[in-house]
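Protein chains in written order, with numbering that gives the first Met the number 0: chain A, 0 to 117; chain B, 0 to 152; chain C, 0 to 115; chain D, 0 to 521.
Below is one structure, written out as structure tokens; the observations come after it.
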Amino acid sequence: MMEYIPLDFPFLAAALLVGISFYIIIFKKNLIKLIMGIAMLAAGVNLFLVSLGYRAGGTAPIYTDVPEGPMVMSVPQALTLTSIVINVAVLALMLTMVIRIYRHTGSLDSEKSRRLKG
Amino acid sequence: MLTKIVRTVANQLILFIVIFGLYVIVHGHITPGGGFQGGAVVVSGIVMLLVAFSSQELKKLLRERVLSIVESSGAVIFIGLAFAGIGTVFFYNLLVGTPIFGRVPAIGPGPGDIWTGGVIPLMNFAVGLKVIAGLSAVVLALALFSGGEEVEE
Amino acid sequence: MTFILGSGYAFWNPLIWIIVFMLVMVLVYFFRRRGQKAYKKGTDQARIFLCGEEVPEAGERHIRVGNIYWGFFETLKEYYNLILRPHTGVINDYILWFVAVTAISVLILLIAGLAK
Amino acid sequence: MAALITHSPILIIVIPLLAAFLTPLIGMTSRKARNVLVVVSLVFVAFLVFALARDISINGIHVYTLGATSPDLSIPTGFMVPVRIILEVDGMSVFFGIIWAIVSLAAAIYSLSHIASETGQNRFFTLLLLMVTGGFGMMFTGDLFNLFVFLEIASIAGAALIAFRTKFADTQEGGFKYIVVSAIASLMVLFAIGLLYAQYNSLNIAYLAQVIQYTTLDKIALGLFLIAFAMKTGMVPLHLWFPDAYSVAPASITGMLVITSHACMYAAFRICFTLYGGVINAPVVGWIIIIFGLLTMFVGVTMAVFQKDVMRFMSYHAISQLGYMWVGVGVGLAVLGNPGLLATYGRDAMSGGIFHILNHALYKPLLFFTGGALFHYTGTRDLTKMGGLAHKMKWTTILYIIGTLSISGIPPLNGFSSKILIYESVYQFNPILTITGIIVSILTLASFTKAFHSAFMGAELPEYKEVKEVPRSMIIGMVILAAGIVFVTLFPSLIVDWIIHPAADALIDPGPYISAVTGAIP
Numbered sequence: 000m001m002e003y004i005p006l007d008f009p010f011l012a013a014a015l016l017v018g019i020s021f022y023i024i025i026f027k028k029n030l031i032k033l034i035m036g037i038a039m040l041a042a043g044v045n046l047f048l049v050s051l052g053y054r055a056g057g058t059a060p061i062y063t064d065v066p067e068g069p070m071v072m073s074v075p076q077a078l079t080l081t082s083i084v085i086n087v088a089v090l091a092l093m094l095t096m097v098i099r100i101y102r103h104t105g106s107l108d109s110e111k112s113r114r115l116k117g
Numbered sequence: 000m001l002t003k004i005v006r007t008v009a010n011q012l013i014l015f016i017v018i019f020g021l022y023v024i025v026h027g028h029i030t031p032g033g034g035f036q037g038g039a040v041v042v043s044g045i046v047m048l049l050v051a052f053s054s055q056e057l058k059k060l061l062r063e064r065v066l067s068i069v070e071s072s073g074a075v076i077f078i079g080l081a082f083a084g085i086g087t088v089f090f091y092n093l094l095v096g097t098p099i100f101g102r103v104p105a106i107g108p109g110p111g112d113i114w115t116g117g118v119i120p121l122m123n124f125a126v127g128l129k130v131i132a133g134l135s136a137v138v139l140a141l142a143l144f145s146g147g148e149e150v151e152e
Numbered sequence: 000m001t002f003i004l005g006s007g008y009a010f011w012n013p014l015i016w017i018i019v020f021m022l023v024m025v026l027v028y029f030f031r032r033r034g035q036k037a038y039k040k041g042t043d044q045a046r047i048f049l050c051g052e053e054v055p056e057a058g059e060r061h062i063r064v065g066n067i068y069w070g071f072f073e074t075l076k077e078y079y080n081l082i083l084r085p086h087t088g089v090i091n092d093y094i095l096w097f098v099a100v101t102a103i104s105v106l107i108l109l110i111a112g113l114a115k
Numbered sequence: 000m001a002a003l004i005t006h007s008p009i010l011i012i013v014i015p016l017l018a019a020f021l022t023p024l025i026g027m028t029s030r031k032a033r034n035v036l037v038v039v040s041l042v043f044v045a046f047l048v049f050a051l052a053r054d055i056s057i058n059g060i061h062v063y064t065l066g067a068t069s070p071d072l073s074i075p076t077g078f079m080v081p082v083r084i085i086l087e088v089d090g091m092s093v094f095f096g097i098i099w100a101i102v103s104l105a106a107a108i109y110s111l112s113h114i115a116s117e118t119g120q121n122r123f124f125t126l127l128l129l130m131v132t133g134g135f136g137m138m139f140t141g142d143l144f145n146l147f148v149f150l151e152i153a154s155i156a157g158a159a160l161i162a163f164r165t166k167f168a169d170t171q172e173g174g175f176k177y178i179v180v181s182a183i184a185s186l187m188v189l190f191a192i193g194l195l196y197a198q199y200n201s202l203n204i205a206y207l208a209q210v211i212q213y214t215t216l217d218k219i220a221l222g223l224f225l226i227a228f229a230m231k232t233g234m235v236p237l238h239l240w241f242p243d244a245y246s247v248a249p250a251s252i253t254g255m256l257v258i259t260s261h262a263c264m265y266a267a268f269r270i271c272f273t274l275y276g277g278v279i280n281a282p283v284v285g286w287i288i289i290i291f292g293l294l295t296m297f298v299g300v301t302m303a304v305f306q307k308d309v310m311r312f313m314s315y316h317a318i319s320q321l322g323y324m325w326v327g328v329g330v331g332l333a334v335l336g337n338p339g340l341l342a343t344y345g346r347d348a349m350s351g352g353i354f355h356i357l358n359h360a361l362y363k364p365l366l367f368f369t370g371g372a373l374f375h376y377t378g379t380r381d382l383t384k385m386g387g388l389a390h391k392m393k394w395t396t397i398l399y400i401i402g403t404l405s406i407s408g409i410p411p412l413n414g415f416s417s418k419i420l421i422y423e424s425v426y427q428f429n430p431i432l433t434i435t436g437i438i439v440s441i442l443t444l445a446s447f448t449k450a451f452h453s454a455f456m457g458a459e460l461p462e463y464k465e466v467k468e469v470p471r472s473m474i475i476g477m478v479i480l481a482a483g484i485v486f487v488t489l490f491p492s493l494i495v496d497w498i499i500h501p502a503a504d505a506l507i508d509p510g511p512y513i514s515a516v517t518g519a520i521p
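Given below as structure tokens:
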């Protein structure tokens, strides 16, 4: 059944993820939900990147006992991995800051944590 | 702090998780994986310990100062290995052709050879060290934070 | 003369400007020298005179920032009401602006491409 | 020396990185040794940048291929396309490199005593050096993915530094806003990189510039790149996060953040002029940039007049000054396809915009540093609580006056030389731009006078009896920048001929940048 799925299916999924995550980021006022939205946005972009390198029926790009045939491209996978690593750092930093904000203001609402405005 | 069953199982399981993580780090240049992935596996074991035991107990095991030293030295080793090739070009793989990780892999499909890759396996070690120390510091800090404790330098 | 910044219509040479400025300063000093000689520091001449009223304390008589340019803000009240409205301080709104501006710019680029 | 110059593009990026990870190791034993390490590494980097700039003006573009058998082997034998990580430094990159070297050195020296009472100083200097690495990486890299990576390094380090003083609630909020905005902007950059990679299977800027077609996907990618980088620079109406983040950071970091926003501006210029240089719909993109630039100038300054927080007020001025650069370079972009107009005023407008970047990079960190000096002993950023500080802080006052005169474009200071270059060239394109520029300049002077009066003038206030002049290292940090201002003031044509025109020419003609990597254009 695998070959009947159209090839741009992953792109649609990526677009859907990006759309949903922007909805979350814009309309959810809870800071933890906002971070979840950013994590989803990162996941969407990563899915887009990694599906760029996909070749139908390809094997993993490693030269250990592979069968004959095409391989998927390895560069987008390396890019995705780097992007994942960076996002780990970004998310960890965001979470620590949110914990601190919660400790200082006692609230996770982005409407309430706005000492800085105007 | 969970029940005794969880703690006992976690105690036994941590060994296997660490070994698997080290395997992923060591074979980073011939199979999927590498420093970050293997390090993340090891840290997942530490997260398991964190869930099974309390963050206070784990804090005694993993000292902030030690983690900081390991993390920095991992990065310094990585950059040092990259600097080693500066006689030719930065990041030049100068171990190719030497007995240490120096073999050239055969072209085409074949079983993997661990003694290939030049400085890349060594860099994987360095990255693994950095990721283990750095991520466990992050996880521990977040756990201590949510427990309401300040992390001192 | 490598110090001249020519830009078509005019030129700009800081050294000439500085020399002229120096000359003006010398002139100013010259006129100042011709002023009142009788002024003495440390006497009642140097004290603040406020129509005979009592002079307030240092903290009281400093004009604070909120009182400066009051008329300017009063005149442009409507503009400031308008411009302060987007500055909500809520992070979600910042991202909404980003998405909106990106969408508009991409649309402009695409339409401009069609017109060609 | 020749080998040092050959390897200097990577050394400039890596020496701060190495120093960053040596800092915690050395800082555990001795605080003094750590300070020496930080300052010496940055001084050495600054020396390398200047040597590289001199070499580029003589020998042209530097290409450095990581991991190859020879640094200039950008395309390995048997390949048609560049495959390795390539650093490429041309006049534009090295111009931004010079700015970044000067400001990061001044900021590091300033920080030595500015954060002396805080905990976790080793972390502070590690992050500061990582930020330096990120900035240099963005400026010198030759491929898009590393641009993204270094952008993220600079943003993460910057956000952590903004939130460094964890005892205040507003620092956490500012840092959080900064990291959210940067994360989303850089993910959109990554998305755009993916769109380009999907079509051309390459990440190298020079190679992409050679093969790019300007398809529909390319236009979407251009929009994403442009607005994402514009958001990071703080272009109105995407500037809302900018004063929030900049006002709460330690003053030395605010000075450096200004230059990271210039680095994002560099990335936007590189994308528009080099990557899309041959195919871009120049008038449309140019007008988009000009209109946003005008908005940036005007809204920034009117918001600044209104502010009562000294750092916030300076942040809005930073936004407003960024508008001049966008307008200057935008006019150059709008007439890019027309060689006659480009020669008449386009190149001058671009030179003016780029010259203004240099001037802004000197006086704006200086002003932020004086703002930090005010904060250092008074413990407040609120202008309503200040007054009479000139009695106690003589050096700070003098340096503030230099910065103020320069930012307001009072002759003979350097702000005037770049503004006159912009006004005169932009006037021929559209007079409204010049008129807006002059109005903004007047409002800038007015608002800085207001801040000067309320902070420094007046009688000595009783609550600031204990305030004294700031420590020596802070003064040294500020004096470095003030010396730069004086130098640029006295020799504007020298600067324009040596570094501004090469930078503008590197933007106008992407040919040398492309052929340095891909060889001769077929």
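Every residue gets a Cβ at the ideal spot worked out from N, C-alpha and C, and that includes glycine.
Closer than 8 Å by C-beta to I85/B: which residues in its own chain qualify, once you throw out the five before and the five after it? Chain order, please. Y91
Relative to chain D, which residues along the segment 76-108 of chain B have a C-beta separation below 7 Å, given in chain order? I78, I85, T87, V88, F89, F90, Y91 and N92
I'd like the list of long-range same chain contacts for V309/D, defined as Cβ closer than 7 Å, with 5 residues on each side in sequence excluded. G370, L373, R380, L382, A450 and A454
Cβ-based neighbour list, E2/A, same chain, cut-off 6 Å, excluding 5 preceding and 5 following: Unreliable placement is indicated for E2/A, whose pLDDT of 46 sits below 50; the coordinate value is still reported in the next sentence. None.
Report buried or exposed for P521/D, applying the criterion of at least 16 other Cβ atoms within 10 angstroms of its Cβ. Only weak support exists for where P521/D lies, its pLDDT of 44 falling under 50; the coordinates are left without a value.
If distances are taken between C-alpha atoms only, which option among K129/B, L14/B and Q11/B comes closest to S72/B? K129/B
With a Cβ-Cβ cutoff of 7 Å, do G44/B and I16/B count as a contact? yes
Nearest residue (CA-CA) to Q212/D, options I226/D, A197/D and L225/D: A197/D
Check whether the Cβ atoms of M527/D and Y265/D sit closer than 7 Å, and answer yes or no. The requested residue 527/D is not part of the displayed model; chain D covers only 0 to 521.
Which runs of the beta strand (DSSP E) fall wholly inside the segment 54-92 of chain D and span at least 3 residues, in chain order? 61-64 and 85-88
What span of residues does the alpha helix (DSSP H) with L223/D cover, start to end? T215 to T232
Could you pull the start and end residues of the alpha helix (DSSP H) that R64/B belongs to? E63 to A83
Neighbour flag for T379/D against chain A, beta carbons, 7 Å: no
Spell out the partners DSSP gives W16/C in its beta bridges. None; W16/C has no bridge partner.
Residue range of the alpha helix (DSSP H) that I85/A falls in? V74 to T104
With distances taken between CB atoms, is the gap from A220/D to A184/D smaller than 7 Å? no
Per the DSSP calculation, W286/D is bridged to which residue(s)? Its beta-bridge partners do not exist; DSSP assigns none.
Any chain B beta carbon closer than 7 Å to A91/A: yes
Would you say the segment 176-190 of chain D touches the segment 227-245 of chain D, given that touching needs at least three Cβ pairs under 8 Å? yes
Classification of M79/D by the beta-carbon crowding that lies within 10 angstroms, buried from 16 upward: exposed
Thinking C-alpha only, which one of G329/D, R471/D, H316/D and G285/D is nearest K393/D? R471/D
Reducing DSSP to helix, strand and coil, say where R102/B ends up. strand
Select from G141/D, I25/D and S110/D the residue whose C-alpha is nearest the C-alpha of P8/D. G141/D
Let me check understanding here. Comparing Cα to Cα, which of K307/D, H316/D and V334/D lies closest to G65/C? K307/D
In this structure, how does DSSP classify F71/C when only helix, strand and coil are distinguished? helix
So the alpha helix (DSSP H) T517/D belongs to, where does it begin and stop? G510 to T517
Name the DSSP bridge partner or partners of M70/A? T58/A
By DSSP, does D527/D sit in helix, in strand, or in coil? Outside the displayed range of chain D (0 to 521) lies residue 527/D, so it cannot be described from this structure.
If you drop the 5 nearest sequence neighbours on each side, which residues of the same chain put their C-beta closer than 6 Å to that of M0/A? Here the model assigns M0/A a pLDDT of 38, short of 50, so the residue's position is not dependable and the matter cannot be decided.
Length of the line joining the Cα atoms of T165/D and M313/D: 22 Å
Whole-angstrom distance between Y177/D and L92/A, CA atom to CA atom: 11 Å
Apart from the five residues on each side of it in sequence, which residues of its chain come closer than 6 Å, Cβ to Cβ, to M324/D? G352, H355 and I356
Ignore the nearest five residues each way along the sequence and tell me which others in V330/D's own chain have a CB closer than 6 Å to its CB. A348, V425 and F428
What are the boundary residues of the alpha helix (DSSP H) that includes F52/B? Looking at the DSSP string, F52/B is not in any alpha helix (DSSP H), and its letter there is neither H nor E.
From the beta carbon of W240/D, is the nearest beta carbon of chain C less than 7 Å away? yes
Please report how far the alpha carbon of I31/A lies from the alpha carbon of R102/A, in whole angstroms. 14 Å
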